[in-house]
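Participant:
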Amino acid sequence: MLEIQRIRQEKEAILAALAKRNIDASPTLDAILETDQNWRTAKTQLDQVAAEMNQLARSIGELFKSGQQSEATALKEKTSVLKTQEAELKEQVSTLEQQLQQLLYTLPNVPNEAVVQGRDAEDNQNVFEAGSIPQFDFAAQPHWDLAKKFKLIDFELGVKVTGAGFPFYRGKGARLQRALIQFFLDEAIAAGYEEFISPHMVNEASGYGTGQLPDKEGQMYYVKEDDFYLIPTAEVPLTNIYRDVILPDANFSIKMCGYTPCFRREAGSYGKDVRGLNRLHQFDKVEIVRVEHPDNSAKALDEMIDHVKNLLDKLELPYRILRLCGGDMGFASAMTYDFEVYSAAQEKWLEVSSVSRFDTFQSNRLKLRFKDDKKTTLCHTLNGSALALPRILASLLENHQTANGIQIPKALQAYTGFSVIE
RNA sequence: GGUGGGAUGGGUGAGUGGCUGAAACCAACAGUUUGCUAAACUGUCGUACGGGUAACUGUACCGCGAGUUCGAAUCUCGCUCCCACCGCCA
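Residue 632 is where the first sequence starts when you use our numbering, and the numbers rise one by one after that.
(1) When the Cα of A836 is compared with those of E818, L664, I862, Q813, which residue comes out closest?
(2) Quick check: the Cα distance between I936 and K930, rounded to an integer number of angstroms?
(3) For I654, which residues in the same chain have their Cβ closer than 8 Å to its Cβ, ignoring the five residues on either side in sequence?
(4) Run through the region 1011 to 1051 for me and flag every whole alpha helix (DSSP H) of 4 or more residues, listed as ranges in chain order.
(5) Can the beta-carbon of G1048 be found less than 9 Å from the beta-carbon of R806?
(6) Quick check on Q913: does DSSP put it in helix, strand or coil?
(7) For E753, tell me which candidate among L735, I663, G957, S701 has the shortest Cα-Cα distance.
(8) Considering only residues of the same chain and omitting the five flanking positions on each side of R996, which have a CB-CB separation below 8 Å?
(9) Pairs of beta-carbons, one from the region 762 to 779 and one from the region 959 to 969, closer than 8 Å: are there three or more?
(10) The beta strand (DSSP E) with F859 in it runs from where to where?
(11) If you scan the region 768 to 840 from start to end, which runs of the alpha helix (DSSP H) of 4 or more residues do you find wholly inside it?
(12) With H, G and I counted as helix, E and B as strand and the rest as coil, what does DSSP make of Y736?
(13) Taking D817 as the reference, which of L1028, D875, L1018 has the closest Cα?
(14) Beta-carbon separation of L1020 and Q808 under 9 Å?
(15) The alpha helix (DSSP H) spanning Q640 covers which residue range?
(16) Return the residue from the list R639, Y873, I645 that minimises the CA-CA distance to E923.
(17) If E683 sits next to L713, beta carbons under 8 Å apart, how far is it from one beta carbon to the other, in whole angstroms?
(18) Select from E760, Q766, A648 the residue whose C-alpha is nearest the C-alpha of E1029.
(19) Three or more beta-carbon pairs under 8 Å between the region 974 to 986 and the region 1022 to 1042, yes or no?
(20) Find out if the Cβ-Cβ distance for the pair M960, S987 is shorter than 9 Å.
(21) May I have the straight-line CA-CA distance separating T666 from L727, to the nearest angstrom?
(22) Per DSSP, which residues does R1000 bridge with? Please list them.
(23) Take Y853 as the anchor and find which of H831, T870, L869, A865 has the nearest alpha-carbon.
(24) Among K1002, V939, F914, F814, which has the Cα closest to the Cα of P879?
(25) Give the C-beta separation of L953 and Q756 to the nearest angstrom, bearing in mind that I take them to be a contact with Cβ-Cβ under 8 Å.
(26) Which word fits G794, buried or exposed, when buried means at least 16 other C-beta atoms lie within 10 angstroms of its C-beta?
In structure tokens:
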């Protein structure tokens, strides 16, 4: 959510930046500014009436105390007019407040100046590539065939017990999952992130804090009985640790990581993109989250990118990094880098990580601030996957397949306890 | 699930209708004193929003929401959460 003060001051700049998302925000901005103006007028009036009421009440109190009953009663009558006025203004103010809030919720974050205008994935900028794409002298198989052949994943069993998108991992497949989680966590901890094991369900306030609510409730599984949401990512519980927090000074850098299963309803998605591990309702992910001083968030983003690069290098996977264009970025993001691994067998790029900075967009909702001298200022938040497992597993299987089985990258062997799946 | 108790500022905690945005103590910060540290003393010490170039000033907030009243932290109602004990259970 953008700060209203910023919209008041930098309307034109915001408008220009939002154009990079291919949207014309000027009707919304105008509506916001108009509502804001009306709200301020009403608020000022209300404050004045309330001040008058307070003064009257005080005088009445004094009159009563000094025994001037009739004067007090006379004043009492005066208050009734003010009272109705106050009630009306209160009503007005709160209605306008709600309208303003609703309008602000509809406005996405302002893209960073490095972000280019664009429509969709076609317009993303390829900023980095690494690793070599394997050449096979045999018929390379997609991961769903490999998973079946080596009894690593059982999709049918998942369908039986739960439904589509909830696979079982078994044997070496299960072990490989556990190894990846452990590997990712160890790497994150080595990079200075504190590990958390968080709740897998969150309350409504947390959903609002990170921006899943309102509007995206369809993406989350909901437990009606208790009014809880299953987390779609560890970002939600980790970031919400800092909801309604004021950090005591400007000298901070908070780095958190956590493994959680992630639950996503993915309503309305279907087709070949959901085959195998490509899109699941439940998957595992290690997430990294940072809370930074505004001056520090650019550097933090670079560090997070390096961190993910390092992971993919160690897994010996060919990948590229895209800087998303305005149109392809998430609602809350100011700048996003997507990591895609090339899957040799599917012959396409799979998104395995998304690293973003949100600037003050989340912290404004979270009310996450720090004290700088006497002022309180909004923090910056960032997060990224490091990494999501299913597509990593898919690309490990597909890229490291040989005629004799699947080779486990060296960095992972200490965690799996085996070097090949055959 | 049952019964009882509770929710006040960073913490402890006073406050049962006006003098309370809130005592006192602790913590924190600044200063004085001091060879340094400590101690002592003095001062500062919530958040949000409005108005104002600013000094400043107004309003709201004592878990949340409604009500009574000229006036509510204080009274009434509803809700949420926390704690203790019992029941159930990993």
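Backbone N, C-alpha and C define an ideal beta-carbon position, used for all residues, glycine too.
Facilitator: This is what the structure gives:
(1) I862
(2) 10 Å
(3) P739
(4) 1020 to 1030, 1041 to 1047
(5) yes
(6) strand
(7) G957
(8) M632, Y839, G840, T841, G842
(9) no
(10) 859 to 861
(11) 774 to 780, 786 to 792, 803 to 821
(12) helix
(13) L1018
(14) yes
(15) 635 to 640
(16) Y873
(17) 6 Å
(18) Q766
(19) yes
(20) yes
(21) 6 Å
(22) I877, L1009
(23) H831
(24) K1002
(25) 6 Å
(26) exposed
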